[in-house]
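Numbering (our numbering), first residue to last: 95 to 429.
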């Protein structure tokens, strides 16, 4: 009887020691799992923010370069000579010089522009150069009237923009649909345009560039495993969606269709990272505002990545901590 009671007490003492040892280990395990998860989530957020800053800077450089380019051509000797020459003194040489200027410029610009045109004061294209289907720079023979275009009327109506030497009109993302052989269909472009004036201040026309929108998409392209990018305008219309049409005039798809609950947050917040979006619990969403300086256009780039991929470092850290704790518990139980 005494031996049985002694064994029972010994067993209870041993169990108490095990529990007293396990409890701190379990508490420390929970604490470190929580701390490690928060730390790694902060690291994921910081990584996204750093990449967003870099991409935003690249986009700013692209748009600033476009403004500098159109000002450079507008102030070139060849173009100034052309717009200042009286009609009776215009020669084929003047036109050939401008054609050569536009072709050489587009060729040197790393093909970021789809087209460059000189229009007269009535909106008629006089000289145009652009990319054909083989991405070669050629002179466009099929000239059209652009008197109803947004960029012609926008450039002609601008009186000035604070900080700019010459007012420049910048359009939203639009489809460039033409009937000539340089067209590749509904090519998304951003129109840059500035009006041309003679030295006497007489309005003589407009210089217009079509910035290839795909260059912007290339700057925003995903760089993580399983990641996809979307681009929407201020009201949520898709400007780029990898599974939908890339025609920016197509407003049939909207962010609210895919993210009913999260869309208001995405469109109203400059930047954030949603680890647990309400519309799709299997993904994480990072979004950031894109609004180049002196541009009225505002877009939002959205990056979606499966949480299983994004949280893989967190899962491995958790497994390591839990495994280490289990090893400690087993070791203590045999002491």
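Where a beta carbon is used, it is the ideal one built from N, C-alpha and C, also for glycine. From a predicted model like this one, the values you see are computed outputs, not experimental measurements.
Item: Exposure of residue 314, with buried meaning 16 or more beta-carbon neighbours within 10 Å; Value: buried
Item: Neighbourhood of residue 310 by C-beta, 7 Å cutoff - its chain only, sequence neighbours within 5 removed; Value: 153 and 156
Item: N- and C-terminal bounds of the beta strand (DSSP E) containing residue 299; Value: 297-306
Item: Those residues which DSSP pairs with residue 284 across a bridge; Value: 267 and 305
Item: Buried/exposed call for residue 166, threshold 16 Cβ in 10 Å; Value: exposed
Item: Bridge-paired residues (DSSP) for residue 216; Value: Residue 216 pairs with nothing; no bridge assigned.
Item: Those residues which DSSP pairs with residue 398 across a bridge; Value: 322 and 379
Item: CB of residue 203 within 8 Å of CB of residue 266, strictly; Value: no
Item: Three or more C-beta pairs below 8 Å linking the segment 207-217 and the segment 300-307; Value: yes
Item: Ranges of the alpha helix (DSSP H) found wholly within the segment 164-245, counting only runs of at least 4; Value: 171-178 and 186-202
Item: Three-state class that DSSP yields for residue 310 in the structure shown; Value: helix
Item: Segment contact flag, the segment 326-333 with the segment 356-367, C-beta cutoff 8 Å, min 3 pairs; Value: yes
Item: Own chain partners of residue 378 with C-beta closer than 6 Å, once the 5 adjacent residues on each side are dropped; Value: 369, 399, 401 and 404
Item: Run of the alpha helix (DSSP H) containing residue 351, from where it starts to where it stops; Value: 349-352
Item: Reference residue 142; option with closest CA among 410, 301 and 395; Value: 395
Item: Backbone secondary structure at residue 334 - three-state DSSP; Value: strand
Item: Nearest residue (CA-CA) to residue 225, options 217, 234 and 219; Value: 234
Item: Residue closest to residue 291, alpha-carbon to alpha-carbon, out of 177, 187 and 201; Value: 177
Item: Run of the alpha helix (DSSP H) containing residue 361, from where it starts to where it stops; Value: 357-362
Item: Residue from 138, 215, 353 and 139 whose Cα sits closest to the Cα of residue 298; Value: 215
Item: Per DSSP, the bridge partner or partners of residue 134; Value: Partner(s): none; residue 134 has no beta bridge.
Item: Bridge-paired residues (DSSP) for residue 93; Value: No answer is possible for residue 93: it lies beyond the span of the chain, which begins at 95 and ends at 429.
Item: Whole-angstrom distance between residue 131 and residue 240, CA atom to CA atom; Value: 57 Å
Item: Cα-Cα separation between residue 236 and residue 188, rounded to whole angstroms; Value: 20 Å
Item: CA-to-CA distance, residue 200 to residue 128, given in whole angstroms; Value: 55 Å
Item: As assigned by DSSP and simplified to three states, the class of residue 317; Value: coil
Item: Three-way DSSP call (helix, strand, coil) for residue 252 in this model; Value: coil
Item: Among 147, 371 and 219, nearest to residue 364 - alpha-carbon criterion; Value: 147
Item: Reduced DSSP secondary structure (H/G/I, E/B, other) of residue 385; Value: coil
Item: Three-state class that DSSP yields for residue 294 in the structure shown; Value: coil
Item: Alpha carbon of residue 171 to alpha carbon of residue 195, nearest angstrom; Value: 10 Å
Item: Cutoff 6 Å; reference residue 353; Cβ partners in own chain excluding five residues on either side; Value: 373
Item: Nearest-angstrom Cα separation, counted from residue 191 out to residue 383; Value: 41 Å
Item: Helix, strand or coil at residue 373 [DSSP, three-state]; Value: coil
Item: CA-to-CA distance, residue 326 to residue 397, given in whole angstroms; Value: 11 Å
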